[in-house]
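Enquirer: Once you've had a glance at the structure underneath, I'll fire off some questions.
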Amino acid sequence: MSTLDLRSIRALENKYGPLWWPEDMYPEGLSSDPFKRIIITVLSQNTSEVNCIRAYKGLAAKFEITPEALAHADQEELKEAIRSGGLYNVKSKRIKQLSKVVLEEFGGDLKSVLSLPKEKAKEKLVELPGIGNKTA
Numbered sequence: 003m004s005t006l007d008l009r010s011i012r013a014l015e016n017k018y019g020p021l022w023w024p025e026d027m028y029p030e031g032l033s034s035d036p037f038k039r040i041i042i043t044v045l046s047q048n049t050s051e052v053n054c055i056r057a058y059k060g061l062a063a064k065f066e067i068t069p070e071a072l073a074h075a076d077q078e079e080l081k082e083a084i085r086s087g088g089l090y091n092v093k094s095k096r097i098k099q100l101s102k103v104v105l106e107e108f109g110g111d112l113k114s115v116l117s118l119p120k121e122k123a124k125e126k127l128v129e130l131p132g133i134g135n136k137t138a
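Here it is in structure tokens:
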């Protein structure tokens, strides 16, 4: 990262506070996996940081966080796993739908989206269930 980038980040942090998800707060393996990042972002919708991470850890304790595992997960078990994050009825449906689409349209791997130019990647991401402009 360039010195200018670091100065910009520091200036933003000074004005608005620290970044919401420092790298050391990520549950294991989250930072390098685009699918896991999308899942935790869905879980973060309309809840606190603490409840979001609690829901993610509950999900990870019950299921492997992969499109295959979550697409085939029992809906009731999925709800129970993320209950602590709130809105679990809605979020469990989104996670299941999202997982199915990632499997069908991307072969289960979102890394190809990351290689696209930023605007193209965003266009692809907002087509996914539960993903809007903010999440993309």
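Under my numbering, the first residue of the sequence shown carries the number 3, and numbering increases by one thereafter.
For glycine and all other residues, C-beta sits at the position ideal for the given N, C-alpha and C.
1. Can you check whether the CB of glycine 110 is closer than 8 Å to the CB of glutamate 70?
2. Assuming isoleucine 42 contacts leucine 72 (C-beta within less than 8 Å), just tell me the rounded distance between them.
3. Between leucine 61 and alanine 83, is the Cβ-Cβ spacing less than 8 Å?
4. Quick one, which of Thr49, Ser34, Pro36 has its alpha-carbon nearest glycine 88's?
5. Specify the secondary structure class of glutamate 66 as computed by DSSP and reduced to three states.
6. Work out the CA separation of glutamate 51 and leucine 116 for me, nearest whole Å.
7. Could you work out which residue in Ala57, Thr68, Leu8, Arg39 is closest to lysine 81 when comparing CA atoms only?
Expert: The relevant details are as follows:
1. Yes. Within cutoff.
2. That belief does not hold up - the Cβ atoms of isoleucine 42 and leucine 72 are roughly 13 Å apart, past 8 Å.
3. Contact flag set, yes.
4. Checked all of Thr49, Ser34, Pro36; the closest Cα to glycine 88 is Thr49.
5. Reduced to three states, the DSSP call for glutamate 66 is coil.
6. So the alpha carbons of these two residues sit roughly 25 Å apart.
7. Answer by Cα proximity: Ala57.
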